Every structure is written in C-alpha cells, then in structure tokens.
Amino acid sequence: MPDSLIAAAKPDQDTASAQDAFALRSRAVCRGIGRLFARNDIWTLTEMPLRNGRRADLMGVDAKGKIVIVEVKTARGDLLGDGKWPDYLDFCDRFYWGLPPELDRAILDGADYRPECCGVIVADEYDAEIVRPAPSHPLAAARRRLEVERLARTSMRRQLVAADPHCSSWGAELAG
C-alpha cells in the first residue's frame, strides 16, 4: 500500500482505536457499578431509552421500587461537554455520575453539576465505590410505576431477543 494511503488511513484507525478505548472504559465502569449495585439488590440495564428521547447509561431499580440512573463519563471532555444530564432527573429517584478512578471528579463539586442532587460513584471493571451518596428526590408514584414497568418490559425484550434473535423484528425498545 502506498505511503499516502497509509497516512490517510491512520487518522481513521486512530479515531477507531480511541472510540474502542472509550467504549471499553465505559463498559468497565458500568460493570463495576453493576457489581456494586447487585450486592445492594439494585438491578440495572445499560443504555435504557427514556421517554424524552435520551438514553440512560445505567438505569436500575432497587428492592423498594426506587429508580436509580447513572450517567457514565470516562473522559474530562465528555464530562465538561455534557449539558443533557439534567434531562435524566425527571426519570429517577436518585442520580449518580459514574467515573473511572483516573478521572478528576473535583469538577462535579461545581454548581453547574448540582452536587446537592447528584451522587458520585468511582468504578473500574471489578468494583465500585459510592464516594458521594445521591440524595433521594422521590418521583410521583404514578411516574415511578410507569418507569419501572418500562424498565421491566425493556429487560424482558432484551432477554428474549438474546435467546431468539428472530424476535428482534417485533416490537421495539420503548423510546417513548
């Protein structure tokens, strides 16, 4: 292959490598948080579509039916550039930021990140720790019931499609 083609291909390869690394870090953080939550009887789904068109990185429900959402950030630029996170607050009783240990979390103490209503979890692929508990902001009972039902239906659909991919053409994940 000519050098000019190799040079032209390299940025795409670098971009793909960076995207792969970003996805791996995100999955690792989700895995660690999933383990922490499972030990505490909170069961989660990744990439849960919300009725406002957003998609929660992790959404779960505890034994009392309370809903938790975690927004995972693995890079400073991603954290600084996120203006959509307040859109998640209407869909959960508790909201957390999920970060890898190497990401400086001091920015989350700033007023723009509303530390009075958002918790922080630090996680790697093996485990996680809540470093700032999320205060409870209870949803209305009717809203909570609707969101728990949507979470359950999405979970059941994913489980069935994993067992029988032919079923993927029927129905859809509940985005609205």
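Once you know that position 50 of the sequence shown is 50 in our numbering, the rest is easy, because the numbers rise by one and skip nothing.
Glycine is no exception: its CB is placed at the ideal position from the N, C-alpha and C atoms.
Since we're looking at a predicted model, the values are computed, not measured.
For secondary structure counted as the alpha helix (DSSP H) over 4 or more consecutive residues, the region 68-135 holds these complete runs in sequence order: 76-80. Check the Cα spacing between A63 and each of R39, L50 and E47: the tightest is with R39. The C-beta of M156 has fewer than 16 other C-beta atoms within 10 Å across all chains shown, which makes the residue exposed. With a cutoff of 8 angstroms on beta-carbon distance, A162 and L36 are scored as not near each other. Spatial neighbours of R54 in its own chain (CB-CB distance under 7 angstroms, excluding positions within 5 residues in sequence) are listed in chain order as K84, D87 and Y88. Between G77 and F95 the beta-carbon gap is near 21 angstroms, outside 8 angstroms, which marks them as no contact. For A56, there is no enclosing alpha helix (DSSP H); the enclosing beta strand (DSSP E) covers residues R55 to V61. The DSSP-derived three-state label of P49 is strand. Bridge pairing for T44: G60 [DSSP]. Per DSSP, E173 lies in no alpha helix (DSSP H) and is assigned neither H nor E. In the displayed model, H137 falls within coil according to three-state DSSP, outside both helix and strand. Contact annotation: G32 and V72 have beta-carbon atoms that are not nearer than 8 angstroms. Residue environment: P101 is assigned as exposed (fewer than 16 neighbouring CB atoms within 10 Å of its CB, all protein chains considered).
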